[in-house]
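For reference, the structure is listed below as structure tokens.
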Amino acid sequence: MTHSVAILGASGYTGAELVRLIATHPELRIAALSGERKAGQPMAAVFPHLRHLDLPDLVKIEEIDFSAVDLCFCALPHATSQEVIRGLPRDLKIVDLSADFRLRDPAAYEKWYGKPHAAPELQAEAIYGLTEFYREEIRAGRLVAGTGCNAATGQYAIRPLIEAGVIDLDEIVIDLKAGVSGAGRALKENLLHAELSEGFHAYSAGGIHRHLGEFDQEFSRAAGRPVEVMFTPHLIPANRGILATVWLKGEARAIHDTLASAYEDEIFIQVLPFGEHPSTRHVRGSNFVHIGVVADRRAGRALVIAALDNLTKGSSGQAVQNANLMLGIAEETGLMLAPCFP
Numbered sequence: 034m035t036h037s038v039a040i041l042g043a044s045g046y047t048g049a050e051l052v053r054l055i056a057t058h059p060e061l062r063i064a065a066l067s068g069e070r071k072a073g074q075p076m077a078a079v080f081p082h083l084r085h086l087d088l089p090d091l092v093k094i095e096e097i098d099f100s101a102v103d104l105c106f107c108a109l110p111h112a113t114s115q116e117v118i119r120g121l122p123r124d125l126k127i128v129d130l131s132a133d134f135r136l137r138d139p140a141a142y143e144k145w146y147g148k149p150h151a152a153p154e155l156q157a158e159a160i161y162g163l164t165e166f167y168r169e170e171i172r173a174g175r176l177v178a179g180t181g182c183n184a185a186t187g188q189y190a191i192r193p194l195i196e197a198g199v200i201d202l203d204e205i206v207i208d209l210k211a212g213v214s215g216a217g218r219a220l221k222e223n224l225l226h227a228e229l230s231e232g233f234h235a236y237s238a239g240g241i242h243r244h245l246g247e248f249d250q251e252f253s254r255a256a257g258r259p260v261e262v263m264f265t266p267h268l269i270p271a272n273r274g275i276l277a278t279v280w281l282k283g284e285a286r287a288i289h290d291t292l293a294s295a296y297e298d299e300i301f302i303q304v305l306p307f308g309e310h311p312s313t314r315h316v317r318g319s320n321f322v323h324i325g326v327v328a329d330r331r332a333g334r335a336l337v338i339a340a341l342d343n344l345t346k347g348s349s350g351q352a353v354q355n356a357n358l359m360l361g362i363a364e365e366t367g368l369m370l371a372p373c374f375p
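Laid out in structure tokens, this is it:
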């Protein structure tokens, strides 16, 4: 059976990544693509790397006939999705890639995003889209909120350890490096080649990054008590990829065994042999996560290092994985493409 899907915001990086993945998906067909500023243009003009595909032209959202769509991907900017989704048919399955429905508490959303939520009734309905931990809820859900790419990386490294009680919950430090595509496609001065290349820098330091709202929500829920981590992201001069190095207080072998056991049956999460650590180049363009555990020279301390592609497993690949569940399709369908190397 083939399911028809629409992609709203197809002129951005995550929209283009959705098209790339769905193009070879045997059970999904792209019925509509929206791009407000690019409406009327073919995708080949916006993304020449997709010119070999037979795709509908970009249109405005109001031009789409949603009665002919089984599932809608919303790859729209933050604060735009909530307004758009509120106006979509109530029986339409939706996977949102923005931040608008990730936080369950309206007060938490206002704290981290600086304005009240425009659709709190939908916020309460949304399922958090970290697939491996909310699989059954996603399968039965109508609206799934994709995670932040940084938040997903940190959670894959830490969440099973919190649930198993093998680390000190007050001694968690996440040092994360992210590729520039995570900042979106809009023109920004600090993302110009001359501004970004040949160096990298920290940003949103000191506990102000918005993905901390997801860490607070999910880690506290897993622990059954408040958990606040230290987290600093860095922007690196690479197009894709996230590498998170997590400093933990706990026995390294127990940490490795816990992660290996937790992810033993997860097709997209691979825990490396003890002492090995991953690289973003080994997951590039794929839906895989690589996790390594290394013992620190100090007894009772360990490093967990996780790598994923922010545009695939961190966003659009995760979205397709969740859509598969929502549509009754085998979860890995269309997502088993190997990483692109070198």
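Residues 34 to 375 in my numbering are what the sequence shown lists, from first letter to last. All C-beta atoms in this analysis are idealised placements derived from N, C-alpha and C, irrespective of residue type, glycine included.
- Under DSSP, residue 263 forms a beta bridge with 206.
- Around the beta carbon of residue 258, a 10 Å sphere encloses fewer than 16 other beta carbons of the protein chains shown; the residue is thus reported as exposed.
- In the displayed model, residue 182 falls within a helix according to three-state DSSP.
- Of all alpha-carbon atoms in 284, 128, 212 and 183, the one lying nearest the alpha-carbon of residue 331 is that of 284.
- Shown here, residue 106 sits in a strand according to DSSP, grouped into three states.
- The beta carbons of residue 176 and residue 159 sit closer together than 7 angstroms.
- For residue 141, same chain residues with a beta-carbon under 6 angstroms away, outside a window of 5 residues either side, are 246 in chain order.
- In the DSSP assignment, residue 129 is bridged to 107 and 178.
- Looking only at 322, 42 and 128, the smallest Cα-Cα distance to residue 358 is reached by 128.
- Where residue 289 is concerned, the enclosing alpha helix (DSSP H) starts and stops at 285-295.
- Distance from the CA atom of residue 149 to the CA atom of residue 162, rounded to whole angstroms, is 22 angstroms.
- Contact between the region 237-251 and the region 183-194 is present, with at least three C-beta pairs closer than 8 angstroms.
- Along the region 236-280, the beta strand (DSSP E) occurs as fully enclosed runs of 3 or more residues at 263-268, listed in sequence order.
- Distances from the CA of residue 99 to each of 82, 118 and 200 were compared; the closest alpha carbon is that of 118.
- Distances from the CA of residue 243 to each of 74, 300 and 181 were compared; the closest alpha carbon is that of 181.
- The secondary-structure analysis by DSSP pairs residue 36 across a beta bridge with 61.
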